[in-house]
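In the working numbering, the protein residues as written are -1 to 326.
We treat Cβ as the ideally placed atom computed from N, Cα and C, and that holds for glycine.
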């Protein structure tokens, strides 16, 4: 492999800290991402999304479902995406403004298992647990917005997001993040929240919940994720894009290569969202971590996850986008 010497004047960041990447390193990741999106592209499983990418000026192969995105479209989408996002609560005093220099903490979501608070045994959560956890999280001053905490297992799994939304609307005064798995459920959750907000127009003025769309690493967007994203943009529901790259499994082993993959997944979905509705609020998110090479499982509490999260937050700051990263 060829030796790549440092360019004259390159600024490096020494040591490990929250300031993970220098300006030069951020620029290199950005340029590598543009190259990936233009030359390799992303696979898009949604016919509707393929049509939108095509209409926006991307190179779309409808047979292979590969979308190649020109650099100017990526940079236009970054510029049109708001740099400040107000996470509106049902109680306006619980509003949280996500912007440069401001940080807060959110609970983990969505957990398929829990420790029973009385027996201390590990078990699957039920609807009653979701209700109790929602009340508990609403009472915690340290939690600035609500993330649906648990998967209720005593119901049809296809409509869990509806129950999570119901629990949130009944018991939480903060802004909520609800993972929604289908367009039909997206519309139903929007109707529920609009009733609470006082109507659809009132909701769009102060959206009290957001939804999350997860790319599939490496460089793939599922039909459901794309279609939910498109519907959310049309309805006026804010979005968090949340890649879950797994270093050593679904992304490369080293930090820089994983960041490029993660960035390409995030920015390609931002391009899609801004093509649907320019100026739509979208948060640059991450649950990217590393694979435990002994077990093949994701290591959510590994030091590497903290390193990825700090670097990704810096990447979002480089783009002047609000960010949300996993804490491990």
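query                                                                                                                                                                : result
Taking the alpha-carbon positions, what's the residue 213 to residue 280 distance?                                                                                   : 14 Å
Give a single yes or no on whether residue 67 has its beta carbon closer than 7 Å to a heavy atom of the ligand MG.                                                  : The ligand MG is absent from the structure shown, which contains no ligands of any kind.
My output table needs one value for residue 180: the three-state DSSP class, helix, strand or coil.                                                                  : coil
Going by the beta-carbon positions, is the gap between residue 182 and residue 215 smaller than 8 Å?                                                                 : no
So what does DSSP say about residue 271, is it helix, strand or coil?                                                                                                : helix
Could you spell out where the alpha helix (DSSP H) holding residue 162 opens and where it closes?                                                                    : 158 to 169
Checking 8 Å against the spacing of the C-beta atoms, do residue 173 and residue 143 come in under that value?                                                       : yes
On a CA-only basis, which of 253, 166, 324, 79 is nearest residue 231? Give me that one, please.                                                                     : 79
Just confirm the distance between the C-beta atoms of residue 306 and residue 259, as a whole number of angstroms; I'd bet it's less than 8 Å.                       : About 11 Å separates the two Cβ atoms, so there is no contact after all.
Confirm, please, whether the CB-CB distance from residue 268 to residue 310 is below 8 Å.                                                                            : no
Could you have a look at residue -1 and say whether DSSP puts it in helix, strand or coil?                                                                           : Caution applies to residue -1, whose pLDDT of 32 falls short of 50 and renders its modelled position unreliable; the model cannot decide the point.
Between the Cα of residue 287 and the Cα atoms of 297, 293, 278, which residue gives the shortest distance?                                                          : 297
Report yes or no: is there a C-beta of chain B within less than 8 Å of the C-beta of residue 288?                                                                    : Within the model displayed, chain B is absent; a lone protein chain is all it includes.
Leaving out the 5 sequence neighbours to the left and right, which residues in its chain are closer than 7 Å to residue 112 when beta-carbon positions are compared? : 121, 123, 127, 148
Which word fits residue 155, buried or exposed, when buried means at least 16 other C-beta atoms lie within 10 angstroms of its C-beta?                              : exposed
Does the beta-carbon of residue 320 have 16 or more other beta-carbons within 10 angstroms, so that it is buried, or is it exposed?                                  : buried
Let's test the definition: count the other Cβ atoms within 10 Å of the Cβ of residue 176 and tell me whether it reaches 16, buried, or not, exposed.                 : buried
Rounded to whole angstroms, what is the Cα-Cα separation between residue 247 and residue 289?                                                                        : 6 Å
Between the Cα of residue 34 and those of 202, 271, 72, spot the shortest distance and give me the residue it belongs to.                                            : 72
Exposed or buried, which one is residue 323 when buried takes at least 16 other CB atoms within 10 Å?                                                                : buried
Threshold first: 3 residues or longer. Then list the beta strand (DSSP E) segments lying entirely within the stretch 36 to 65, N to C.                               : 40 to 42, 57 to 59
With DSSP as the reference, label residue 14 as helix, strand or coil.                                                                                               : Low per-residue confidence applies at residue 14: pLDDT is 47, beneath 50, and the placement is therefore not dependable, though the value from the model is reported in the following sentence. Residue 14 falls in the coil class under three-state DSSP.
Contact between the stretch 93 to 111 and the stretch 48 to 68 is defined here as three or more beta-carbon pairs at a separation below 8 Å; is this criterion met?  : no
Report the option in 75, 69, 46 whose CA atom is closest to the CA atom of residue 63.                                                                               : 46
Identify which residue in 276, 38, 277, 220 has its Cα closest to the Cα of residue 48.                                                                              : 220
If you reduce the DSSP assignment to three classes, tell me which class residue 305 lands in.                                                                        : helix
If you drop the 5 nearest sequence neighbours on each side, which residues of the same chain put their C-beta closer than 6 Å to that of residue 358?                : What is shown of the chain runs -1 to 326, which leaves residue 358 out entirely.
State buried or exposed for residue 29, treating a residue as buried only when at least 16 other CB atoms are found within 10 Å of its CB.                           : exposed
In the DSSP assignment, find the alpha helix (DSSP H) that holds residue 229 and state where it starts and stops.                                                    : 221 to 233
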